[in-house]
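Numbering (my numbering), first residue to last: 143 to 260. Don't be surprised by glycine CBs; every beta carbon is placed ideally from N, CA and C. As the structure is a prediction and not an experimental result, all values here were calculated from the model. What follows is a short report on a single structure.
Structure, rendered in structure tokens:
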């Protein structure tokens, strides 16, 4: 039976669907305590029940991005704050290979921040 989360991914148009599914896999592999749920209509990833990142698509470009909950505390040149006070985003081009080294670096920074705060 298809879950609500599966429904989100499977209803995305290509190439976003493949990109988002790959990002989901990368995020879930970061740590055994990372779990996935759905909040505000989008996939949310938690570390020991504390939210740390979301997956979503840009309204204008429709391209996927990783939204980092405590992004304001992360210093990385590829993160954008835009008009957000707390969060930052990492944009992903679904027509190119995922920049796995950068994604893993950013996700590790976000997880380390949560681990230190516990």
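- 8 Å or more divides the Cβ of residue 233 from the Cβ of residue 214.
- Closest option to residue 182, judged by alpha-carbon separation, among 245, 146, 158: 146.
- Note that the C-beta distance between residue 255 and residue 212 is below 8 Å.
- Listed as beta-bridge partners of residue 184 by DSSP are 181.
- Counting other Cβ atoms within 10 Å of its Cβ, residue 195 reaches 16 or more and is therefore classed as buried.
- Beta-bridge partners of residue 232 (DSSP): 208.
- Measuring C-alpha to C-alpha distances from residue 259 to each of 241, 247, 190 identifies 190 as the nearest.
- With fewer than 16 other beta carbons inside 10 angstroms of its own, residue 152 counts as exposed.
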